[in-house]
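Chains as they are written, first to last, in the working numbering: chain A, 417 to 739; chain B, 238 to 666.
Just so you know, even glycine gets a beta-carbon here, dropped at the ideal spot from N, CA and C.
These numbers come from a predicted model, not from an experiment.
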């Protein structure tokens, strides 16, 4: 566990309370780690001897695997705990789970949990570093960071860009992390979706709300298309998926109606033909798989920084590895 | 009752039922008010309390508490709740029936009455369940509940969602002289919500309960009370339109009364920031505009009384992710200091109005003995020190539970003696 203060503080719970400098530090550090994943031997020893638990109370493939690759490429020792196989189903509380992990002297916990606030809750109760891998509908900070890294890769900057998040904003932790991160970095931020899926009061955060997707596309330089979370649609927020696609789907026709290239992101997994049509998902302006690649670099950067690493030292990581 | 007489000398006696506010000596004999005079002579064999510099009022009454017994004695028992009440300056409380099993038959009402008497602290007046098993389907045996000692009927914790049942309750209770007490919340609008719906809930990613869920239910209840001519009492009003609707209903002559809780009077949903489960209750803390409207309602009497909605929970139940934690906060031991220290000292209401809202009104609405110091009334008296400043430290609570959103708050006004039936049941330093 790190007793010293890292560039990010003890935990990464969300982007809401990070400064512009802190976000820049993560993005710039991630830039340095991108190269490691290109090598034949994809490993540097910066987290050697550190033990990390990936604690997933919700199903996840992409995020969990991405974190695990990031950890392994930094030479950490990792254990994966999936909720279905854990004592949680036997009624153990989150506090007891945390205490038990702590008793095993771990250094970091990466947690996904269905309850908003769970990561903050855990971080306040154990001395290990806690990384939020998604808490309810609150935040998914590493996703927000990798989205920003990908946008910056393609547009060279974040400041002044118009980025619109499209879809189920209400239930989306990705949307909130995008809002907080992008607003802090000086981007203009929009939100578009059926009114039933827009949380109240987000205009007060500085988010521009578009009730119609055509208006959003007219405005945006970049769109981040959220997955329509089918499992959350029991509440009748939309009449049907067919109708959603018809009025809110990102289709080639809608993009063609706009006279410029819009960069298209999607956090995955995609529902093709619902929130995004296949020809868009496979088209020239999407950067969806690059988001996945950048995800590993961003998570390496976050793990490294929380463990007390500095951006300056990260530049020498390659030499250390070669030595 | 045959106890030693008690002479309370030199206190500032505030009793709105007699228009009294001045230094008087109060003599209690045989559990009742015997005399209230200036400069009383020596009383034979009386215990004397020097109340110089202290305020003496009719015993405070909290019309809305959860004592958890039977069924959840790890949170509170009737005895610990009655003691916590006494320590908070209350001489009586009305206990809610949402226990396990619920208080929906005369034997259960009798149990609460008996345990309350045994506790020997604040008096405990049970409310009975409005519906059988609190299922919201059919009326409980309301007449029998009243005979056994119930002072009101309610399904509190749960709103009466069925408008037809609410109508029947408002009609049927008229034979028994008790109010129908409702927790106003249209759960089709608030289901699964964990806090107020607004910017804070959107930021924190917590599902909200909109004001409209409460407003709609308040307005429905008022319409039914007006239609039936029944007596309606609305619990813990938290919204500005709710307050407005009650104000208008009273002006029309509808028989409606209502409560305000200390937390809705003093806090907003920003207290939830950081996912603080000690700020989670139902109805939730709302916006500053709503809080101001609740204060205004208390001031002008639209909201007749202060009720804590004392809702104890074991610490490890609140030690959870926000959505998983139960609703409710304790309130008995902080209510007086909050209301006096922040609302009387803060200039919202004067001391006689505070006594009206915390003693006279609940006694009147629920037909309780007390709420006055008229000669012959029960010797239920609260004596508090209006100058005592203190910091809320939940570890000192007599309640079994510690779940207060006011930990560390600076309060002014501290109970010194709580007297029930002429006997000191609690004495503070």
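On the DSSP letters alone, give me the boundaries of the beta strand (DSSP E) that residue 627(A) sits inside. First-last for residue 627(A): undefined, no H or E at that position.
When the cut-off is 8 Å and only beta carbons count, does residue 246(B) lie next to chain A? For residue 246(B), the answer is no, since every Cβ of chain A falls outside 8 Å of its Cβ.
Contacts of residue 629(A) in chain B (Cβ-Cβ under 8 Å): The contacting residues do not exist; residue 629(A) stays about 21 Å from chain B at best.
Count the other CB atoms within 10 Å of the CB of residue 739(A); is the residue buried (16 or more) or exposed (fewer)? Reliability fails at residue 739(A), whose pLDDT of 37 lies under 50, so the model's placement of it is uncertain and the value that follows must be treated cautiously. By the neighbour-count criterion, in which 16 or more other beta carbons inside 10 Å mark a residue as buried, residue 739(A) falls on the exposed side.
Roughly how many angstroms lie between the CA atoms of residue 654(A) and residue 516(B), to the nearest whole one? 32 Å
Ends of the alpha helix (DSSP H) at residue 577(B)? Unbroken run through residue 577(B): none, as it is neither H nor E.
What separation, rounded to the nearest whole angstrom, lies between the Cα atoms of residue 490(A) and residue 499(A)? One C-alpha to the other measures close to 25 Å.
Give the straight-line distance between the Cα atoms of residue 540(B) and residue 656(B), rounded to the nearest whole angstrom. Taking the CA atoms as reference points, residue 540(B) sits about 27 Å from residue 656(B).
Counting Cβ pairs, one atom from each stretch, are 3 or more of them under 8 Å apart for the stretch 660 to 670 of chain A and the stretch 682 to 701 of chain A? The stretch 660 to 670 of chain A vs the stretch 682 to 701 of chain A: in contact.
If residue 559(A) sits next to residue 685(A), beta carbons under 8 Å apart, how far is it from one beta carbon to the other, in whole angstroms? About 13 Å; that fails the 8 Å criterion.
Would residue 532(A) be called buried (16 or more neighbouring beta carbons within 10 Å of its own) or exposed? Buried, by the Cβ-count rule.
For residue 511(A) and chain C, any beta-carbon pair shorter than 8 Å? No chain C is part of this structure, whose protein chains are labelled A and B.
What are the boundary residues of the beta strand (DSSP E) that residue 607(A) is part of? 604 to 608
At the 8 Å Cβ level, is residue 423(A) part of the contact set with chain B, yes or no? no
Whose C-beta lies closer than 6 Å to the C-beta of residue 662(B) among residues of the same chain, with five residues either side of it excluded? 323, 358 and 655
So, with DSSP's three-state summary, where would you put residue 585(B)? coil
For residue 495(A), which three-state DSSP category applies? strand
Going along chain A, which residues have a C-beta under 8 Å from residue 512(B)? 532, 533, 536 and 537
Hey, residue 378(A) and residue 423(A) are a contact pair by Cβ (cut 8 Å); roughly how many whole angstroms apart? As displayed, chain A neither begins before 417 nor continues past 739, which places residue 378(A) out of reach and without an answer.
Going by C-alpha distance, which of 546(B), 620(B), 370(B) and 259(B) is nearest residue 303(B)? 546(B)
May I have the straight-line CA-CA distance separating residue 660(B) from residue 571(B), to the nearest angstrom? 23 Å
Taking residue 444(A) as the reference, give the member of 697(A), 476(A), 562(A) and 525(A) with the closest Cα. 562(A)
Local Cβ density within 10 Å of residue 660(A), reported as buried at 16 or more and exposed below that: buried
Give the DSSP-derived three-state secondary structure of residue 537(B) in the structure shown. helix
Tell me, please, which residues DSSP counts as bridged to residue 472(A). Beta-bridge analysis with DSSP links residue 472(A) to 498(A) and 528(A).
Please state whether the Cβ-Cβ distance between residue 616(A) and residue 439(B) is less than 8 Å. yes
Give me whichever residues DSSP pairs with residue 627(B) in a beta bridge. 648(B)
Comparing C-alpha positions only, which one of 454(A), 434(A) and 437(A) sits nearest to residue 709(A)? 454(A)
If the criterion is Cβ atoms closer than 8 Å, does the pair residue 385(B) and residue 346(B) meet it? Going by C-beta atoms, residue 385(B) is nearer than 8 Å to residue 346(B).
Does the beta carbon of residue 627(B) fall short of 7 Å from some heavy atom of the ligand GDP? Looking for the ligand GDP in the displayed structure turns up nothing, as the structure carries no ligands at all.
Quick check: what's the CA-CA separation for residue 476(B) versus residue 544(B)? Per the coordinates, the alpha-carbon of residue 476(B) lies some 16 Å from the alpha-carbon of residue 544(B).
Rounded to whole angstroms, what is the Cα-Cα separation between residue 462(A) and residue 524(A)? Straight across, the Cα-Cα distance linking residue 462(A) with residue 524(A) is about 14 Å.
What separation, rounded to the nearest whole angstrom, lies between the Cα atoms of residue 589(A) and residue 397(B)? The alpha-carbon atoms of residue 589(A) and residue 397(B) are separated by roughly 35 Å.
Under a CB-based cut-off of 8 Å, is residue 439(B) close to chain A? yes
Would you call residue 609(B) buried or exposed, if buried means 16 or more other Cβ atoms sit within 10 Å of its Cβ? buried
Pick out whichever of 542(A), 677(A), 543(A) and 477(A) has its Cα sitting closest to the Cα of residue 634(A). Minimum Cα-Cα distance from residue 634(A) among the listed residues 542(A), 677(A), 543(A) and 477(A) corresponds to 677(A).
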